[in-house]
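Trainee:
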Amino acid sequence: MNTLTESRFFSAVIALGIALITALAITEIQTNPLIENKSLRFFATAAVIFIVFMLATLMPTRAAGTAARARPADNATQDPHPVRETGHVKWFNVDKGFGFIVRENGEDLFVHFRAVGDGSTLHLIEGQRVEYHIGQGRKGPQAEQVVVLE
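Per the UniProt record's numbering, residue 1 is the first one in the sequence shown, and the count goes up by one each step.
(1) Which term fits Pro-72, buried or exposed, when burial requires 16 or more other beta carbons within 10 angstroms of its beta carbon?
(2) Does the beta-carbon distance from Ile-101 to Gly-87 come in below 8 angstroms?
(3) Give the straight-line distance between the Cα atoms of Phe-92 and Val-130, rounded to the nearest whole angstrom.
(4) Using a Cβ distance threshold of 8 angstroms, determine whether the stretch 45-52 contacts the stretch 18-29, with at least three qualifying pairs required.
(5) When burial is assigned at 16 or more other CB atoms within 10 Å of the CB, is Leu-124 buried or exposed?
(6) Excluding five sequence neighbours on each side, which residues of the same chain lie with their C-beta closer than 7 angstroms to the C-beta of Ile-26?
(7) What does the Cβ neighbour count give for Phe-113, buried or exposed, with the cut at 16 atoms within 10 Å?
(8) Taking the continuous beta strand (DSSP E) assigned at His-133, which residues delimit it?
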């Protein structure tokens, strides 16, 4: 099993465990004869739900962090000096901070503003010639270390 699959399995097991504990805690709060005040029962139940919600929002972060730590090991086998390609900017939305480059083979390639130059150039202009190498983004191939040629 790869690290991402293990992470998802771990997250699912933890989520089921938290759901079971939550159900038991809420049942105990609602049926406990020592807690007669309805407002107290409500706030205790709300507190349990809030804590569970906070735990649930932290779980995907842990899974993503595990996957990110696994990535450098995978990339270690790749060529440390990837081949650079050239293409031209198809379009770039400055407000959204991304666009697409047309590769020499005609395929579109995603580009994010963080991949452009040294960080001082935050946008590209349609038709500009660029040089880049292809990296792997969250949703597939993307341009990395983009340099404007013109």
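Ideal placement from N, C-alpha and C gives every residue a C-beta, glycine not left out. Here the structure is a predicted model, which is why all the values come from computation and not from measurement.
Mentor: Let me spell this out:
(1) Any reading at Pro-72 is ruled out, since the residue's pLDDT is 48, under 50, leaving its predicted position unreliable.
(2) yes
(3) Taking the straight line joining both Cα atoms gives about 13 angstroms.
(4) yes
(5) buried
(6) Thr-45 and Val-48
(7) buried
(8) 129-137
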